[in-house]
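Take a look at the structure below.
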Amino acid sequence: MNLFEKIFNYQIMSRLDEAGSFALTSQERTWLKMMLEHAASADAFTPDTRNKLNQLLHDEVSTEIRAIIMEKAKSKERQVYHPLLRALRRILMVNHGIRITYRIKHGGVKANQSGFPYKLEYNMVKREWYLLWYSTRGRSLMSTKLHNIVDVEGTELAIERVAELKRLLHQLLETRKQQAIIQVVPHYNEELSRILYAFSCFEKSVSYDETGAQYRIHVSYLADESEFLLSKIRFLGLRVRVSEGEYLKVRMRESASRALNRYGIPASESSS
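Numbering (numbering that gives the first Met the number 0), first residue to last: 0 to 271.
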């Protein structure tokens, strides 16, 4: 593509952006039409939006691929899109508080608990949606599975109260944050983009040591995210090593020792 084509394309995209429009490829339109046929689309869109999309895609050629795809056996997967997501997103967008009723772990229900929502989070390991929120009664940060929520509604808060709760949440999250430094083994420097993609779920920065030609990834994570971070480190195998972060080092040594013992190899023998 020459320079003039790039400028022309940029001008078109800028005009579309100014008009609040965007271009879709034929593959994207076909994919969207197929997704609208999924049962979860009734929860993902309001009836008006869903009808409008169906009308716009009425003349689109339907490509039914599910009939020609064979899936191997897998564990039962919960619905990826939860009916409460849309309502909770709106509450978050307008900075409202919440009044929530939810089921607790060992049975029973906690009703009409007041709080302030922080964010919605999808746990890739458990394949569950969670609502992170601050309980104004218990003065603590809560994490509640969406399928455990019986009822939730938004409550209006004064601007000053919203600012105060956001400040409290920020302080709580900062105290729970932990830091780790993960070194990229120089032999795998060419795979840096792939390695960084593995840590895309975390806050991170990268530094480079010219003398040792070594990249260091500085990762910030919450305490309850440590096992998920460890799964990413194990996935990368020989490409990385933990240089700072005592808990992560101990857990990696434990898992390595268990793996060696499975084959009757003492950890001391493998290190020699």
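We put the beta carbon where it would ideally sit given N, CA and C, even for glycine.
Secondary structure of Ile90, DSSP reduced to three states: helix
Between the CA atoms of Ile148 and Gly96 - distance to the nearest angstrom: 16 Å
Exposure of Glu163, with buried meaning 16 or more beta-carbon neighbours within 10 Å: exposed
Rounded Cβ spacing between Glu59 and Thr29 (contact assumed at less than 8 Å): Confirmed, Cβ separation roughly 6 Å.
Host beta strand (DSSP E) of Leu131 (start-end): Looking at the DSSP string, the run of the beta strand (DSSP E) that includes Leu131 is Glu127 to Ser134.
The stretch 163-173 / the stretch 127-139 touching (three or more Cβ pairs under 8 Å): Put simply, the stretch 163-173 touches the stretch 127-139. At least three CB pairs are less than 8 Å apart.
Reduced DSSP category for His217 - H, G, I as helix; E, B as strand; rest coil: strand
Three or more C-beta pairs below 8 Å linking the stretch 183-190 and the stretch 218-231: no
Backbone CA spacing between Ala43 and Arg215 [nearest angstrom]: Approximately 40 Å between the Cα atoms of the pair.
Other residues of its chain near Lys248: CB distance less than 7 Å, five sequence neighbours each side excluded: Close CB contacts of Lys248 within its chain, under the 7 Å cut and outside five residues either way in sequence, are with Val241 (chain order).
Proximity of Trp128 and Leu84 at Cβ, strictly below 8 Å: yes
Nearest neighbour of Phe201, chosen from Thr210, His81, Gly211 and His217 [CA to CA]: With distances taken between Cα atoms, Phe201 lies closest to His217.
Inter-residue Cα distance where the pair is Ala179 and Ser206: 13 Å
Rounded separation between Gly211 and Glu253 - CA only: 29 Å
CA nearest to the CA of His37, picked from Asn53, Arg126 and Ser142: Nearest C-alpha to His37: Asn53.
Whole-angstrom distance between Val239 and Gln213, CA atom to CA atom: 11 Å
Beta-carbon proximity list for Lys231, same chain, < 7 Å, skipping 5 on both sides: Ala197 and Phe198
Secondary structure of Tyr80, DSSP reduced to three states: coil
Neighbourhood of Tyr272 by C-beta, 7 Å cutoff - its chain only, sequence neighbours within 5 removed: Residue 272 lies beyond the residue range present for the chain, which begins at 0 and ends at 271; the question has no answer from this structure.
Candidates Leu237, Gly244, Arg250 and Leu87: closest to Asp150 by CA position: Leu87
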